[in-house]
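For the protein sequence lines, the chains are S and F, in the order given.
Counting with our numbering, you get residues 1 to 210 for the letters of the first sequence.
Counting with our numbering, you get residues 211 to 420 for the letters of the second sequence.
Protein chains: 2
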Amino acid sequence: MILNFNVENFVKDFEKYCHKVKKKEFAKNEVITTYIEKRNQFCILVNGNADLVRYDFNGNRTIIEHFSKNDIFGEVFYTVTTNNELLVEARNKCEVLIYSYNDIHNKCKNNCKFHQILSEHLPELILNKVTDLNMRVELLTKRSTRDKLLGYFSFLSKRNFNKTIVLPFSLTDLADYLSVDRSAMMREIRLLKEDGLIEKNGNIITLLYK
Amino acid sequence: MILNFNVENFVKDFEKYCHKVKKKEFAKNEVITTYIEKRNQFCILVNGNADLVRYDFNGNRTIIEHFSKNDIFGEVFYTVTTNNELLVEARNKCEVLIYSYNDIHNKCKNNCKFHQILSEHLPELILNKVTDLNMRVELLTKRSTRDKLLGYFSFLSKRNFNKTIVLPFSLTDLADYLSVDRSAMMREIRLLKEDGLIEKNGNIITLLYK
DNA sequence: GTTTTTCTGTTGCAAAAGCAACAAAATGGT
DNA sequence: ACCATTTTGTTGCTTTTGCAACAGAAAAAC
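This is the structure:
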């Protein structure tokens, strides 16, 4: 996420600002929060990697969003419309700032700086989510696994101004993110290599076209 | 879209508020705006139906969003990440309020009421887009055409508190919205009927399960 | 009210994606 | 350094989806 709002600085001295905000640690695979109970949590991932994940009734797992350092998540950014479980799971050891709010739009009773800064930047933060979501819809509406892969690779490539990209998660997770079968995706990756469109070395991919 | 912000009243007296805002009419199939050129348009659909549509290189058409009376669209709500054409097309005769802004977050030089109200409600409006987008991701990540159909039907059913729903567009457009092949979708609808899960009469569908 | 166009519904066939299962490689934990 | 677990890569087979083509129904245009 690219922001004018400097999350890093904001997070650094959070204790100065508001004592209602807690920093918590999570081990790998721990559930950081769920989007089903209405606990109104707003979270900042200070360190580590986490995924917003949905499990459906058929046992399929879908990665809705992937979070890394300084990413922001919580129920403000996801008005739940689903019946399925929505969990944020720690991919590895995570440090998270958690703030439970009643109404994020209204000022904190203490009128503290944390909330002041937060509500000032909320539109910007939400607009960033919109950008991510639009990208995701863009990807998911592609008709074939091949186009989803190429679409995702070229998104990462453009964002980092580099034909060589490092996948932010495992191939197993990539399949869950693109919402396709893993083995079919592996087959397609092999065909992309055979067609000379990409080179692959572990989770490092180089685009050879254009 | 369900809003606290009363679009209808807001729109009614827009001339009082700001002379920079223009009302335009569009005939069926006319292009209302495109999201490629950076003209920074913010639009309110006063009357009619329109779709945000993408055409990809294979000629596939995807309906990204469907707009009806009082819906709001424009580039503020869609930070473009794509190479493809993104068009808003009038489905039938449309009346649209169009406002081209430099920076919607800053106040209008005239300090007019239009912009005051607009920027007050912008977070709310954007949050509504987020809800729509999350629903869309939810749908698109479903693995089969059947699940996409059932997911969409039950979304409409829940929203209107009714087991009987009226599809907001043609079956051809529904396929473009769910991002599946039309004939395959028709086949699946037939199977849903045969399995006794739905009843169908034109574009009126009744859910028979649960 | 007639013609033209779009939409619906269906089908046979081809292509793509999903499923299940397995071995090898890599990773993580202790 | 070892063992247990997860991930990668592959394959044969099945199921689902997409494509092309067409006829009838409905809607729009004139």
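Every residue, glycine too, gets a C-beta built ideally from N, C-alpha and C.
query	result
Cross-chain neighbours of Leu337 of chain F in chain S, by beta carbon under 9 Å	Val76, Phe77, Thr79, Ile126
Residue environment, His401 of chain F, which counts as buried when at least 16 other CB atoms sit within 10 Å	A small fix is needed here, since residue 401 of chain F is Leu in this sequence, not His. Burial call: exposed.
Within-7 Å CB hit, Pro123 of chain S to chain F	yes
Within-7 Å CB hit, Leu297 of chain F to chain S	no
Endpoints, the beta strand (DSSP E) within which Phe236 of chain F is located	232-236
Rounded C-alpha distance that separates Gln116 of chain S from Thr79 of chain S	23 Å
Beta bridge counterpart(s) of Ser100 of chain S as assigned by DSSP	S:Gln41
Proximal residues, the region 383-417 of chain F versus chain S, C-beta separation under 7 Å	Ser389
Neighbour flag for Thr141 of chain S against chain F, beta carbons, 7 Å	yes
Residue(s) in a DSSP beta bridge with Asp276 of chain S	Absent from the structure is residue 276 of chain S, since the part of chain S shown begins at 1 and ends at 210.
Cβ pair count under 8 Å reaching 3, the region 275-286 of chain F against the region 249-259 of chain F	yes
7 Å Cβ cutoff, Leu133 of chain S in contact with chain F	yes
Cα-Cα separation, Asn58 of chain S to Thr355 of chain F	14 Å
Where Val376 of chain F sits in the DSSP three-state scheme	strand
For Phe283 of chain F, three-class secondary structure by DSSP	strand
Min CB distance Thr33 of chain S to chain F below 7 Å	no
Reduced DSSP category for Ile399 of chain F - H, G, I as helix; E, B as strand; rest coil	helix
Sub-7 Å separation of Asp261 of chain F and Asn294 of chain F beta-carbons	no
Classification of Gly412 of chain F by the beta-carbon crowding that lies within 10 angstroms, buried from 16 upward	exposed
Residue span of the alpha helix (DSSP H) that contains Glu199 of chain S, given as start and end	Not the alpha helix (DSSP H): Glu199 of chain S falls in the beta strand (DSSP E), residues 198-201.
Distance, Thr172 of chain S Cα to Leu127 of chain S Cα	29 Å
C-beta neighbour in chain S for Arg346 of chain F, strict 7 Å	yes
6 Å CB neighbourhood of Arg353 of chain F in its chain, flanking five on each side removed	none
Nearest-angstrom Cα separation, counted from Leu349 of chain F out to Lys373 of chain F	19 Å
Interface flag, Thr272 of chain F vs chain S, CB-CB below 7 Å	yes
Member of S:Phe169, S:Ile198, S:Met185, S:Leu208 whose CA lies at the smallest distance from the CA of Ser68 of chain S	S:Phe169
Check whether Gly258 of chain F and Asn219 of chain F have beta carbons under 7 Å apart	no
Environment of Gly361 of chain F [buried if 16+ CB atoms lie within 10 Å]	buried
Cβ-Cβ distance between Ile242 of chain F and Val221 of chain F below 7 Å	no
Arg61 of chain S - DSSP class collapsed to helix/strand/coil	strand
Whether Val306 of chain F touches Lys234 of chain F by CB criterion (7 Å)	yes
Those residues which DSSP pairs with Ile204 of chain S across a bridge	S:Val166, S:Asn201
Close Cβ partners of Leu156 of chain S (< 7 Å) along its chain, the five nearest in sequence each way excluded	Ile165
Where the alpha helix (DSSP H) containing Thr382 of chain F begins and where it ends	381-388
Under 8 Å (Cβ pairs) to chain S, residues found in the region 227-241 of chain F	none
Buried versus exposed, by CB contacts within 10 Å (16 or more), Phe236 of chain F	buried
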